[in-house]
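Okay, structure first, notes after.
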Amino acid sequence: MDTTNFRTVQHSKTVITELMIPSYANFGGKIHGGILLSLMDKVAYVFAAKHAGTYCITASIDHVDFLAPVEVGELVSLRASVNYVGTSSLVIGIRITSENIKTQVMKHTNTSYFTMVAMDENHKPTHVPGLILENKDEIRRFAEVLRKKEFKKQNKAHLKQIKTPLELESYKHLLEKERCLINFA
Ligand SMILES: CC(C)(COP(=O)(O)OP(=O)(O)OC[C@H]1O[C@@H](n2cnc3c(N)ncnc32)[C@H](O)[C@@H]1OP(=O)(O)O)[C@@H](O)C(=O)NCCC(=O)NCCS
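Residue numbers (my numbering): 8 to 192.
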């Protein structure tokens, strides 16, 4: 293995913080989920491009649960790391915390994994540097991505099955205890 083009996880480590201003709020007065998604996408780009040394695009997000609402006036911090590199793809793990500046109470609002792909000047996927793993956590995160990839591969076949159309009677049977009304003859 050619180890000349490898970078450490530390190489791209940065913490990005942003104050949540009133224009970020939704009709309920809390911060829009889309604002947080946009911030995560930016952070994923920064980490991926820093590691790869090229332009990177978002290929997929796995996955986003909003665990707690974020309020106007809170300070959101996004901590991330390059968890995995493949040939042209990188997985960036992002953890978001939100801090009430007055009370300094912190809450964990979500953790997500962005798969980014490094692109060359012709907009084609290009090789990324390998990753030097320097502690147990970095090894665990890399291995977790491998295991998730394997799990996803197996799940894809199950999902295909779910998409296979059924006879109307089978749908009716499946939905009989659900909170829906079938309103056609
Ligand atoms: C991402 C994209 C470049 C992949 O193109 P492709 O023709 O599938 O390229 P490849 O098959 O060579 O895959 C390149 C790498 O991306 C990975 N990849 C592609 N699609 C993926 C997905 N949906 N999820 C995770 N990884 C993915 C592949 O596994 C491969 O990884 P590796 O090189 O580390 O083995 C292409 O689908 C694309 O341009 N998508 C649009 C992206 C975009 O516009 N993002 C902004 C969203 S608003």
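Glycine included, every Cβ here is placed at the ideal spot set by N, Cα and C.
Tell me the DSSP secondary structure of Lys-20 in three-state form. coil
Hey, which unbroken runs of the beta strand (DSSP E) at 3 residues or more fall wholly within the segment 22-90? 22-26, 62-69
Quick check: the Cα distance between Glu-157 and Thr-118, rounded to an integer number of angstroms? 20 angstroms
What residues are listed by DSSP as bridge partners for His-115? Thr-104
Does DSSP put Leu-166 in a helix, a strand or coil? helix
Quick one: Cα of Val-152 to Cα of Leu-82, how far? 29 angstroms
Just curious, the beta strand (DSSP E) that Leu-138 is in, first and last residue? 137-139
Which one of Ile-38, Leu-85, Asn-162 has the shortest CA to CA distance from Lys-20? Leu-85
Who are Tyr-120's beta bridge partners in DSSP? Asp-69, Gly-100
May I ask whether a heavy atom of ligand 1 can be found less than 7 angstroms away from the beta carbon of Ile-4? In this structure the chain extends from 8 to 192, so residue 4 is not present and cannot be described.
Do three or more CB pairs link the segment 71-78 to the segment 126-146 at distances below 8 angstroms? no
Go ahead and pull the three-state DSSP assignment for Phe-191. coil
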